[in-house]
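These notes are about the structure you will find just below.
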Amino acid sequence: MRSKLLSLFGLFFAFAAILLSLPNAFAGGAGGTSNITKECNDPVCHVTMTDLTFTPDTLKVKSDTTVVWTNMDTIGHTVTSGSPTDQTKIGLLFGSAPPVIASNANWEHKFDTTAQTFDYFCQVHPGMVGKIVVSGEVLPVFPQLILVLVATGAVASLIAVILVRRNRRA
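If you're matching positions, the sequence shown starts at 6 in the numbering used here and goes up one per residue.
Structure follows, in structure tokens:
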């Protein structure tokens, strides 16, 4: 009886040791940074999620840029604005959750703002963090409309001058 009990304890501890030695990919806090900063001047820029990191972990873009995150890991991730240490601002500006971004899937967000820095992280792996740095300004709709009207007025004035000169010659 005593040997059976010792065998059970031995089996239990062996099983526990195996469980503890497995990779801890799903534990909160897993993840890290790639220590890569990239500047992207294209209208669409990309961040990959691989080995529990965002790459690049800091992406510099211009205003009106769409950023596409692609999950190349075998496990799900999120892209959530804010910081895992500040619970009051999590997901207020943008976020893919719920659900998680599955393996080989992507999620995108357009940064149509003036110069600003956006921290983000994975809610499943809070140690997995990144940053989007937006530079430049977006013209509000009203000034864009004024530019169109001024340009249209200039063209109309030019046509009027040409027509008046033609009529004087005739």
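Even glycine gets a Cβ: it sits at the ideal position worked out from N, Cα and C.
{"Asked": "Test item: CB-CB of D69 and T55 under 8 Å", "Found": "no"}
{"Asked": "Residue environment, Q128, which counts as buried when at least 16 other CB atoms sit within 10 Å", "Found": "buried"}
{"Asked": "Three-state secondary structure assigned by DSSP to G135", "Found": "strand"}
{"Asked": "Buried or exposed by the 16-neighbour rule on C-beta atoms within 10 Å, applied to S108", "Found": "exposed"}
{"Asked": "Ranges of the beta strand (DSSP E) found wholly within the region 38-96, counting only runs of at least 3", "Found": "42-44, 49-55, 58-60, 63-67, 70-76"}
{"Asked": "Bridge partners - D124, DSSP secondary structure assignment", "Found": "K136"}
{"Asked": "S162 classed as buried or exposed, judged by whether at least 16 other C-beta atoms fall within 10 angstroms", "Found": "exposed"}
{"Asked": "Exposure label - V73; buried when at least 16 CB within 10 Å", "Found": "exposed"}
{"Asked": "Selection from P103, T42, A120, L98 that minimises the alpha carbon distance to H82", "Found": "P103"}
{"Asked": "N- and C-terminal bounds of the beta strand (DSSP E) containing H114", "Found": "111-116"}
{"Asked": "6 Å CB neighbourhood of N76 in its chain, flanking five on each side removed", "Found": "M54, H82, I106, S108, A110"}
{"Asked": "Stretch-stretch touch, CB-based, cutoff 8 Å, three pairs: the region 118-134 with the region 35-53", "Found": "yes"}
{"Asked": "Proximity of V52 and G135 at Cβ, strictly below 8 Å", "Found": "yes"}
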